[in-house]
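Below is one structure, written out as structure tokens, with a few remarks after it.
Numbering (my numbering), first residue to last: 4 to 115.
Right, here's the structure in full:
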């Protein structure tokens, strides 16, 4: 039985908070794609781990503002705290197939 999508989405952010590479490797499927304004052409799984995962070292905590499950998608708005204490807000759409995340769309928000 598959986990609910909101629990899976929360686990993705927990992996960033704890720098748990093993957890994020399990959560992200082999066909994963990542899209953001900075990566409009998209990144594959390898590109994501090369470009995005290292930036997680600058993140300390996520506070969820909204988590909306719609079929295989979860819309997540969060306020994140960086390790230097500064904060920002983003919204992401995470898509899952089974228990694996297969797509992320990131929409940059603003500094808090």
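Ideal Cβ positions, reconstructed from N, Cα and C, are used throughout, including at glycine.
From the options, residue whose alpha carbon lies closest to that of residue i
{"i": "residue 24", "options": "111, 59 and 42", "result": "59"}
{"i": "residue 100", "options": "93, 61, 75 and 29", "result": "75"}
{"i": "residue 84", "options": "63, 22 and 52", "result": "63"}
{"i": "residue 77", "options": "87, 57 and 106", "result": "106"}
{"i": "residue 56", "options": "18, 7 and 14", "result": "18"}
Alpha-carbon to alpha-carbon, residue j and residue i
{"i": "residue 113", "j": "residue 69", "result": "16 Å"}
{"i": "residue 82", "j": "residue 42", "result": "21 Å"}
{"i": "residue 47", "j": "residue 40", "result": "15 Å"}
{"i": "residue 88", "j": "residue 51", "result": "25 Å"}
Sub-8 Å separation of residue i and residue j beta-carbons
{"i": "residue 2", "j": "residue 30", "result": "In this structure the chain extends from 4 to 115, so residue 2 is not present and cannot be described."}
{"i": "residue 9", "j": "residue 72", "result": "yes"}
{"i": "residue 28", "j": "residue 65", "result": "no"}
{"i": "residue 61", "j": "residue 86", "result": "yes"}
Nonlocal neighbours in the same chain, by C-beta distance under 7 Å from residue i, ignoring five residues either side
{"i": "residue 108", "result": "38, 95 and 96"}
{"i": "residue 103", "result": "30, 31 and 32"}
{"i": "residue 115", "result": "82, 90, 91 and 92"}
Three-state class that DSSP yields for residue i in the structure shown
{"i": "residue 32", "result": "strand"}
{"i": "residue 118", "result": "In the structure displayed, the chain extends from 4 to 115; residue 118 sits before or after that span and is not available."}
{"i": "residue 12", "result": "helix"}
{"i": "residue 21", "result": "helix"}
{"i": "residue 41", "result": "helix"}
{"i": "residue 112", "result": "strand"}
Cβ neighbours of residue i in the same chain (closer than 6 Å, five flanking residues each side left out)
{"i": "residue 110", "result": "94"}
{"i": "residue 34", "result": "105"}
{"i": "residue 98", "result": "75, 76, 105 and 106"}
Sequence-distant residues of its chain with Cβ nearer than 8 Å to residue i (five each side left out)
{"i": "residue 45", "result": "36, 37 and 38"}
{"i": "residue 7", "result": "72"}
{"i": "residue 22", "result": "59 and 60"}
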